[in-house]
Every structure is written in structure tokens, then in C-alpha cells.
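Visitor: Have a look at this one before I ask anything.
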Amino acid sequence: MPEIAETGAVERGIGRPALEIDSLTYRYAGAPEPVLRDVSLRVEAGEFIVLAGRSGTGKTSLLRAACGLIPHFHGGEIAGSAIVAGRDTRESGPGQLADVVGYVAQDPETQIVSTTVAAELDLPLRFRGDHPAERARAVEEVALALNIPHLLPRTVSTLSGGEMQRVALAVALVTRPPLVLLDEPTSQLDPVAGDELIWLLRRLNEEWGVAILLAEHRIERCLAAADRVVAMERGSIRFDGAPREFLRYATDRDPALATPAARMFACAGIEPLPVGVRDARSTLGSLGIQAGSGSRAAAGTPERSRRDAKAGALVSKGLWVELDPGEGPVDVLRGIDLEIEPGERVALMGRNGAGKSTFLKSAAGLIDPAKGRVNAPGGIALLTQNPSDYLVRERVGDELSGPLGDAALDAVGLQISPESDPRDISGGERQRLALAIALAGQMEGEALPALVALDEPTRGMDRGLKDGLTKLSLDLSERGAAVLISTHDVEFAATFADRVVLLGDGELIADADTDTVLSGGWYFATEIARVLDRPGLVRVEDGARWLDENLQSGSGA
Amino acid sequence: MKKLSPLAYVPRRGTLQTASLGPVALFLGAYLVVCFLSSDPMVLLAATAGAAIAGYGCLADRAVKFSFKLGALLAISMIVINALVTSRGATVLARLGEWPIMGRVDITAEAIAAGAVIGFRAMGTMVVIGVYSACVDPDRILRAVHGVARRSALTATLISRLVPLAASDQARLSEAAELRGPGANPVGRVAMAHRLLSGSLDRAVDVAATLELRGYGQSTRGTRFAKVPSRFDSRFWVAGTVLMAAAVLSLVLKVGEFVQYPEIRYSPDVFSISLALMFALAGFTTWRHGGRRHAGNR
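Line by line, the protein sequences are chains A and B.
Sequence positions in the first sequence follow the numbering used here and run 78 to 634.
Sequence positions in the second sequence follow the numbering used here and run 1125 to 1422.
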């Protein structure tokens, strides 16, 4: 039975609940076990609920069941019921539920079906048979609400992942449904866009009365906005209650689910656990610990990258790259000077569209510079955003074989049967297999290529999988390779990187050690840095140690 | 920022991009019909050239180059394969002796010619599909499909989105193939094609789910997609009708018949030369007065 904590949010519901799930059990066609087991959940109108849980615990399936994709699109066996705004999903398919529920899936690319953004927003209204004047107004209003009016005439194929995610959300909202389901909507967004999205959802929730059910791994982003948290484990709901109670549940039962600030407080023995930065600061203030030093460190300067390295793993000198997304050429990278040495672990960060992926592809020789140069003298293995793109055959042994293949699999720490089908292995294993494919033949004996680069590898990963990736990057760097990872995830960057390079609109705007860069800003800063606002304090352990010292000394720092 | 697939649709002011779907489908369909049904190499090459000219006229240069390269590779493969596996034909160019599994291998001029006809067909088809993909707005196709397949989002997706999805998947898979280490097993064309097709179908299913979530299957009687007429429609109706009629007539009358076995017999007459010229020059139908620059970005 789930632990049910009292919540005030439930009482706010008026009239019919937005969603009522009763004893729902579901098994995908051909799957050996149910992915949802006896799930019961009630979402009142106007509630904001965060769905937490590790990867593979049934969050996505629960959202699919709530919008009718399960069982109508995915088939399988279902027991129990899901009622959306009074309509039973067993009788009404996703099309019939379109006016009462909006759904934003993980991959924004499969959620866009039109050529231009304006046409995409207009489509559900057309299907509903709205009058042209009503459609025009609805499109304009939702574009304004999501701050995307400038995107309306754009061709969708030219949008960045973050822009696509916003458009997908706008489409889900354009019919003004009473319930919106979101499956990791911030996974492709930079910290700025991610925070903006969560607060936008909260605003829509408060002003439009839209009920929100949001599945998310980076829970620190959305906990402060939530009325309730529902935690899932092995297809069942294990917890349903207020955010603060959830933090207590998570720190006791599965600390990987708790926010960094909550873990820091738990380590330092401070109560109550904070649901957000403001809450944490307030608690610390009541204990006499004043956050913020007033002497902010420099957020890193591009100067570091101009030092002379004799045998750099990556050398970029005055790199300019121009791309034509179909609407005229654009300078995507503008004069990047950067050097990375073997053994370094570097996080490449920046807003969506800042040029991170373009830089990595230029380094790998996929894109020719318009001016300047970039090269990896000791070789480069690049893993792009979709590891599945590297897997074209149905046997691991057909992808990698012989001593070169075995050496590459060893390098990524993957022990897997050559008979395995790459489609049947876990997401983490698939990522390692794809990296091994990129590494194969580039190693001299056990020596790795000088640079191993990964583009946004943490999408859709829970904290446990990210820890595995951190271990892999440490292992690769200990073996002499420079590891360059493009990521939006500041918490992950703080754990794996010893240096952070920040791009802004195609230019290098900061380059320094991780502690300096990630404690020197607001958006590109870890939750610990935002709570404590002390130079160099970015990780849970460092923050907890600092709090211990200050609590023992009784000083307010 | 993403690099656009060469086959991706880009809104421009070109004639194919602005004309209605019906006349454009008839016009490009005539090229497709002649590529599928004709066995006259001159007509096939002329149709390929005409489709390429049509694409260039609408600034689909990248799509034409890309699909031509792909088609040419396919054509060469077919010539080689047919030459090796078919020993029919009277004109033996080389005797390669006994091969395992294949037995006796003789290279004949007739087998090469037969392979070339199949290859030219494939090349022409690729170029027509490339031009179609780069110049015809999938939204228009979706609107057209909506009129006939109101309930099936999957049908609508497969018709309107499969080519654009495959084009974007192909761009990503090609990048990944370039990034494979030299020690990984190389990506063969067959494995790549299989992966591309299965991946695109999977993604098409996801897109169909999205379309359903948008309310596709629930379209009300009020759902209307207004037809936007174009001043280029009549041009494509006329050109398409003439080309289609000529293509059908040439097949009925067996104009320019090209016999490969047992000996090559080919005697192009005035009709087949006219047909080839017609298909090549009809490509200029897509060109606007004032040339290609008038077909620039919208």
C-alpha cells in the first residue's frame, strides 16, 4: 500500500476530477510482466502533481494510460479503469480525449506533425472544427503564453530541441484542456528554459486552472511548484503526498530521488527538508546561517582556453562555423578558441542553440569550419545524442567483433553476449555499446583516443544511471583520454567534470574549473550553489560539510 | 542548430511548392509512371533529366544532387549484379569461369544492358521522389489525405510523413555511420536500408500516435481544410495531362521498344525521340519567368 500523506491540494478540487485511475494494471503486448500494477490515482482539477521514480518504473506508461494511448495505440492487456474528465479511456481513444487532455511526450521530434509552427498549433483546433477567428486567437494567445510568437512562421525542421519542446507544449495547451500530461519535458532544455517552463506550467495551472501531471527525473526543478508528489516503484505507486513528505520518504527509502538540497540538509542533520531554494535559505536563516558571501567569484573567463598546450586532445583556434538551416546561412560558432588536454573532464554547457552539438561535430570532422580550425590530434570518438543511430544490426556480434571490438567493449566496461539484440538491452547498456562502436579501432592496445566526446548523454536518465556515466567518464580520463560531455544537467556536470566551458550564442563566454563556473551564476549553477551562494560550493558533500562546520561553530558565516 | 536533410521540405516561392497538390501529383506522377513502365533507356534518362530540371527550377538543388547520387550508385550496383548473375545473351564480353554458388559466369552485353534499364528506372524514380520530398509540403498531403482517410492517423502519417521522417533519419544515421570507429564492422548498404526503413516506420507509428492525440480520428463535420488555389495550377494540370497521356500512349503503341535478349535490338524512332525530348523539356514547366532566383525563400 502506498504511504498517503495529507495534502491541501486535494481539497482545492472542484467538480469532476481531472483524472481518476482505479486499480489499473497493464501489460504491453508480448511483455512477460505488467508495467503497471494496481495503480489508483485521483487528480483533482487545478492540481499540479509531480510523478517521481527511477527509470523503468512505469511513469511513461501511466501517462499513456491517462491519455488513452494505452490501450488504444499500444494494445496489451488492461484491467481497472482510467477516467479523464468523466470519460473512460477504455471506451474513448486518444482522438476522442483530445479536447480534455494534452500530452507532451519525451521526444519532441515525434510530436511535431506539421511543416510550420503556426500550422502545428492550428491543427488540433482545425480537427475540433473551430471557427477560423477562434483558431487565430487561440494560436496567438498560446504563443504569447509560451513566449514563442517569433517561432510561428518558422519551419519546424529548423527548430532546436528546446524550441520543439516549447512548441509541443503549446500544441498540448492550445485547446485549453483541463488536464496536461508531461513526460520529462525539461530533458532537452537548458537550465534557463527548464526553469522557465516549470514556472510557466505553474502559472498556467494557477491562472487557467489546468491540472498538471508531470513525470520528471530532475525533481529539484519542479518540486517547489508542485502540490503533490506521486512516487512509483516497479509499476506501483509507493508514495502519494506533499512535496516535503516526499523528501522525507525519498531520503529514507531511495536518496537518489531526493533533491540535492534535501540530501545536503539530511547529511547535515537539518530539518525540515527544503522543497526549494527559497525554503532552504529560509531554514538556514532561522538557524543563523546566512546564505551568500557578498564576494562573488568570477564566473570563469575564456582566458584559460588560450594557454599553450603541447599535446592537446582538442585544439580549436578561431573556429567559425556557418550552417544553413534552410532559411539562409547563420554563424553558429563564432571564433571559438579552446584547448583540452588528455585526462581532463570537461562539461560543455550553454543554452539550447548555443552551438554545443555543432562544436562537437566540427571537432569530429562532420562539419567543415567556415574559418579557423579545430582538430583532435590524438583521435576522437564522438557519441551523438541518439545512441540507437549507431546500432544498425540485430546482433551485438555483428556490430563489434574480433579483438578490436572486445577491446572497445572492455574500455566502456560492457560485458554482453555477442548474440544479444541491441534493441533488447537497457538504455545505459545501449549507450555504452554505441560508445564502444565509436571507439573500436581507435585504440592502440589499451590506450584510448585522446578525446572521447558525448553529446547530451543524460537525457531520460535517472540519478543511478547518471552515476554510472560519471564512473565511466572517470575511468576513461584515468586511462588518459580527455572526456568532453555536452550537457544541460548542471548537477551531472558538477559530479563528473573538473572544468566547465560555457557557450553563449556561438561564443565561448566562460571557461574555468567546475566549482568556479557552477557557483558563479544563477541558472548555470547547482541547487547547492543556489542555496548557499558561496564560491566553490556546488556539490552535496561540500555543502553538507560547510553547513556542519558552521553549525558547530555556531557562526552565521 | 541542425543541418537540414537534403530531402527535407523547405517552404519557398517555387512553383511546385506553391501549386495545389492535385496538379503537382499529376505532373510528378507522369514522370514516375514513365520511370516505372518504360524500358527505353533514352526516355528513362530524359525523364530523369526532366525531373532534375524541375527540381532545379524550384531550388531543390540539394535534393536533386543527393537523390541523383543515390540513384546512380543503385544503378551501377544493378548493372554489376545483373552482369554477374545473368548469363543470358549472345554477345559474350568476358568469360569468368566457374564461381562458387553462382556456377559459370559469363559477362554479356545484353545482361549489362538489362541491368542498365533497371538501374535507370531506379535512378529516375529516386530523383522524382527527391524532388517531391523537397518541394511538396507534407501539410498539403495531410490535408488531402484527411479527405479520404478520416479515421486512420497511421495511414495519414505513412502517406504524408514517411518520406520526411526517413529523410531526417537518414541524415542522422549517416552521421553516426561516419562516426563509427575503424574497428567496428562497417555499415553495409543493406543493413543501413533495413535500419532506415524499420526506424522510420517505428517513428511513423509515434507520429501517428501524436496525430491521434491532436484529435485526428475525432474530426468533426466542421473540420474543413480550405483549398488555396495557385496561379501555377493550370500549368501543371496541362503539363501533367500531356505527359501522362504521352506516357500511356507510348506504352500502348510500344514506342521505342528496347529488346535485350537474346540480342540487343534498339531502333529509336521519331516517336521515342519526341517522347524523350518532351519529358526532358517539360522539366522547365517548374521554372518561373525570370529564372530560379524568383523561387527563393518565402
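Each residue gets a CB set at the ideal place from its N, CA and C atoms; glycine is no exception.
Nothing here was measured: the structure is a model prediction, and the numbers come from that model.
So what's V127 (chain A) in DSSP terms, helix, strand or just coil?
Guide: strand
Visitor: Can you give me the Cβ contacts of P185 (chain A) inside the same chain, cut-off strictly under 7 Å, excluding the 5 residues immediately before and after it?
Guide: Excluding sequence neighbours, P185 (chain A) sits near G238, M241, Q242, A245, Q265.
Visitor: Can you tell me whether W1223 (chain B) is buried or exposed? The criterion is at least 16 other CB atoms within 10 Å of its CB, across all chains shown.
Guide: exposed
Visitor: For D592 (chain A), is the classification buried or exposed, using 16 other Cβ atoms within 10 angstroms of its Cβ as the cut-off for buried?
Guide: buried
Visitor: Restricting to Cα atoms, I'd like to know which of A:V194, A:T572, A:Y180 is closest to L228 (chain A).
Guide: When each option's Cα is compared against that of L228 (chain A), the closest is A:V194.
Visitor: With a threshold of 7 Å between beta carbons, is G153 (chain A) in contact with chain D?
Guide: Absent from the structure is chain D; the protein chains it does hold are A and B.
Visitor: Who pairs with L1092 (chain B) in a beta bridge, going by DSSP?
Guide: Only positions 1125 to 1422 of chain B appear in this structure, which leaves residue 1092 (chain B) out of reach.
Visitor: In this structure, does DSSP put K1378 (chain B) in helix, strand or coil?
Guide: coil
Visitor: Only counting the same chain, and skipping five residues up and downstream in sequence, which positions put a Cβ closer than 8 Å to that of V1269 (chain B)?
Guide: T1279, A1280, I1283, S1284
Visitor: With DSSP collapsed to three states, give me the class of F150 (chain A).
Guide: coil
Visitor: Is the number of C-beta pairs between the region 1167-1177 of chain B and the region 1231-1239 of chain B that are closer than 8 Å three or more?
Guide: no
Visitor: How would you call P268 (chain A), buried or exposed, if buried means at least 16 neighbouring beta carbons within 10 angstroms?
Guide: It is buried - the Cβ of P268 (chain A) has at least 16 other Cβ atoms within 10 Å.
Visitor: List the whole-angstrom C-beta distance separating L139 (chain A) from V116 (chain A), where the pair is believed to meet the contact cut-off of C-beta under 8 Å.
Guide: 6 Å
Visitor: With DSSP collapsed to three states, give me the class of W599 (chain A).
Guide: Here W599 (chain A) sits in coil by DSSP.
Visitor: Bridge partners for M309 (chain A) per DSSP, in chain order?
Guide: A:I314
Visitor: Helix, strand or coil, according to DSSP, for E471 (chain A) in the structure here?
Guide: coil
Visitor: With H, G and I counted as helix, E and B as strand and the rest as coil, what does DSSP make of W1361 (chain B)?
Guide: helix
Visitor: What does the Cβ neighbour count give for N224 (chain A), buried or exposed, with the cut at 16 atoms within 10 Å?
Guide: exposed
Visitor: A602 (chain A) to A288 (chain A), Cα distance in whole Å?
Guide: 30 Å
Visitor: Using a beta-carbon distance cut-off of less than 9 Å, what residues from the region 204-234 of chain A approach chain B?
Guide: F204, R205, G206, D207, H208, P209, P230, T232, S234
Visitor: I'd like the list of long-range same chain contacts for P1147 (chain B), defined as Cβ closer than 7 Å, with 5 residues on each side in sequence excluded.
Guide: Answer for P1147 (chain B): D1357, F1360, W1361, G1364, listed in chain order.
Visitor: Check whether chain A comes within 7 Å of P1306 (chain B), counting only Cβ atoms and requiring the distance to be less than that.
Guide: yes
Visitor: Roughly how many angstroms separate the alpha carbons of D317 (chain A) and F204 (chain A), rounded to a whole number?
Guide: When the Cα atoms are used, D317 (chain A) and F204 (chain A) turn out to be separated by approximately 36 Å.
Visitor: When the cut-off is 7 Å and only beta carbons count, does L96 (chain A) lie next to chain B?
Guide: By this cut-off, L96 (chain A) is not an interface position.
Visitor: To the nearest whole angstrom, what separates the beta carbons of L528 (chain A) and A453 (chain A), a pair I think is in contact under 8 Å?
Guide: 5 Å
Visitor: With DSSP as the reference, label L1183 (chain B) as helix, strand or coil.
Guide: coil
Visitor: Quick check: is the beta carbon of L1325 (chain B) nearer than 7 Å to any beta carbon in chain A?
Guide: no
Visitor: Taking only the alpha-carbon atoms, compute the straight-line gap between E626 (chain A) and L460 (chain A) and give it to the nearest angstrom.
Guide: 42 Å
Visitor: Exposed or buried, which one is G490 (chain A) when buried takes at least 16 other CB atoms within 10 Å?
Guide: Exposed is the call here.
Visitor: Skipping 5 residues on each side, what residues in its chain have a beta carbon closer than 6 Å to that of G1248 (chain B)?
Guide: C1159, L1168, A1171, T1172
Visitor: Would you kindly work out how many angstroms separate the C-alpha atoms of V216 (chain A) and T1334 (chain B), rounded to a whole number?
Guide: Taking the straight line joining both Cα atoms gives about 18 Å.
Visitor: Mind pulling the chain B residues with CB within less than 7 Å of S478 (chain A)?
Guide: N1309
Visitor: State the beta-bridge partners of W623 (chain A) as determined by DSSP.
Guide: In DSSP, W623 (chain A) forms no bridge with anything.
Visitor: For a contact defined as C-beta to C-beta under 9 Å, what are the partners of P1262 (chain B) on chain A?
Guide: V190, S191, T192
Visitor: Under a CB-based cut-off of 7 Å, is D1330 (chain B) close to chain A?
Guide: yes
Visitor: Does any C-beta atom of chain B lie closer than 7 Å to the C-beta of T45 (chain A)?
Guide: With chain A covering only 78 through 634, there is no way to say anything about residue 45 (chain A).
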